[in-house]
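The opening position of the sequence shown corresponds to residue 1 in UniProt numbering, with each subsequent residue numbered one higher. All residues carry an ideal CB built from backbone N, CA and C; glycine is no exception. Read through the structure below, which is laid out as structure tokens, and then see the notes.
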Amino acid sequence: MSELHPLDDYHSESKMRARKNVRRFFTRPALKTILSTTVTGQDNVEGLEGAYIVVGNHTSHLDAPMVFTLLPEHMTERLATGAAADYWYRRPAISKVTSLFFNTYPIERKNKSGDPNAGRAKGMTSRLLKDGIPILIFPEGTRSRTGEMGEFKVGAAALAIKFDIPIVPLAMRGGHEAMPVGSVLPTANRPPIDMFIGKPMYAHEGEQPEAFMARVRSHIVAMLEQSSPYPEEN
């Protein structure tokens, strides 16, 4: 088996500066050119540090660029997200670009074989969280094809419980309309996008992953329905 994928880059100050410059000089101006974005709830995550899991609804291919560009700087400087090892990590040039833009780490997909680097990505999400690196997860597992939110897989909640860390609920609206599944480019005339950053949520004592994930999903639904990062819940 190949040795495990190293974690050094996820703590590298030079890598963080490079990603910051990409956001400042490329992705942020680009998003402002093609989208009309509104972000609220930044105060909910003031002072947040260490490991946590950002959980958001998955509306379009714009989601990851929006998250890594629009979240507060103290979150995006270390935030990492998974990318399929058999696709994004087969060629070093491609993996370096995705890492520069989205601080990616490799995830091995089931039923994929023949990769000479198989095994290097084993347990990467857990290793990063244990090492204090926050993670972005879209628990629907795929983009919405209708604009409606799908069911959430419970993996993020299980990890949050395992490591006793919070989940930051993130609600995004407008991505599906701006760039539906099958579209190559966003629609014209700077379509509106709303991002609501919720207050970090911890699992209750003895709460199972399924119940915790359902609670997080309900909170995201409430933020979308009330157009607020501070929703009133029943």
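Using the beta-carbon count (16 or more within 10 Å), is S45 buried or exposed?
-> Within the sequence shown, numbered from 1, the residue matching residue 45 stands at position 45. At residue 45 the sequence reads Val, which differs from the Ser that was named. Flag for V45 reads buried.
Those residues which DSSP pairs with M75 across a bridge | Residue 75 sits at position 75 when you count from the first residue of the sequence shown. According to DSSP, M75 shares a beta bridge with no other residue.
Best match in D194, A121, Y89 and P186 for proximity to I220 [C-alpha to C-alpha] | Working through the sequence shown from its first residue, we reach residue 220 at position 220. For I220, the closest alpha carbon among the candidates D194, A121, Y89 and P186 is that of D194.
A203 by DSSP, collapsed to three states: which one?
-> As a position in the sequence shown, residue 203 is number 203, starting the count at 1. Note: A203 maps to coil in three-state DSSP.
Let me know the secondary structure DSSP gives R173 once reduced to three states.
-> What you label residue 173 is simply residue 173 of the sequence shown in a count that begins at 1. Strand.
Are the CB atoms of R127 and T59 nearer to each other than 8 Å?
-> If you number the sequence shown from 1, residue 127 lands on position 127. If you number the sequence shown from 1, residue 59 lands on position 59. No; because the gap between Cβ atoms is not below 8 Å, this pair is not in contact.
Starting from T146, follow the alpha helix (DSSP H) in both directions and report where the run begins and ends.
-> Working through the sequence shown from its first residue, we reach residue 146 at position 146. T146 -> no alpha helix (DSSP H), and no H or E assigned at all.
Should A188 be labelled buried (16 or more other beta-carbon atoms within 10 Å of its own) or exposed?
-> Working through the sequence shown from its first residue, we reach residue 188 at position 188. With fewer than 16 other Cβ atoms within 10 Å, it is exposed.
Between Y10 and A84, which are expected to be in contact by the criterion C-beta below 8 Å, what is the C-beta distance as a whole number of angstroms?
-> Locating residue 10 in the sequence shown gives position 10, where the first residue counts as 1. Locating residue 84 in the sequence shown gives position 84, where the first residue counts as 1. Wrong, their Cβ atoms sit about 18 Å apart, outside the cutoff.
Buried or exposed: where does S12 fall if 16 or more other Cβ atoms within 10 Å of its Cβ makes it buried?
-> As a first step, residue 12 is located in the sequence shown; it is residue number 12 there, counting from the start. Counting Cβ neighbours within 10 Å, S12 comes out exposed, since fewer than 16 surround it.
Nearest neighbour of F138, chosen from N21, R78, T146 and V216 [CA to CA] = Position 138 of the sequence shown, counted from the start, is the residue given in the question as residue 138. Closest option to F138, Cα to Cα, is V216.
Where G114 falls: helix, strand or coil (DSSP) = Numbered from its first residue, the sequence shown carries residue 114 at position 114. The pLDDT assigned to G114 is 49, lower than 50, so where the model puts this residue is not dependable; a value taken from the coordinates is nonetheless given after this. In the structure shown, G114 falls within a coil segment according to DSSP collapsed to helix, strand and coil.
Is the Cβ-Cβ distance between T76 and R23 less than 8 Å?
-> Within the sequence shown, residue 76 is the residue found at index 76, counting from 1. Within the sequence shown, residue 23 is the residue found at index 23, counting from 1. Yes, these two residues count as a Cβ contact at 8 Å.
Do you know how far the Cα of A18 is from the Cα of F25?
-> Looking up residue 25 in the sequence shown gives position 25. Looking up residue 18 in the sequence shown gives position 18. One C-alpha to the other measures close to 11 Å.
Per DSSP, the bridge partner or partners of Y52 | Here residue 52 refers to the residue found at position 52 of the sequence shown. DSSP lists no partner for Y52.
A80 bridges to which residues according to DSSP?
-> In the sequence shown, residue 80 corresponds to position 80, counting from 1. I135.
Use the C-beta contact count for G141: other C-beta atoms within 10 angstroms, 16 or more gives buried, fewer gives exposed.
-> Here residue 141 refers to the residue found at position 141 when the sequence shown is read from its first residue. With fewer than 16 other Cβ atoms from the protein chains shown falling within 10 Å of its own Cβ, G141 counts as exposed.
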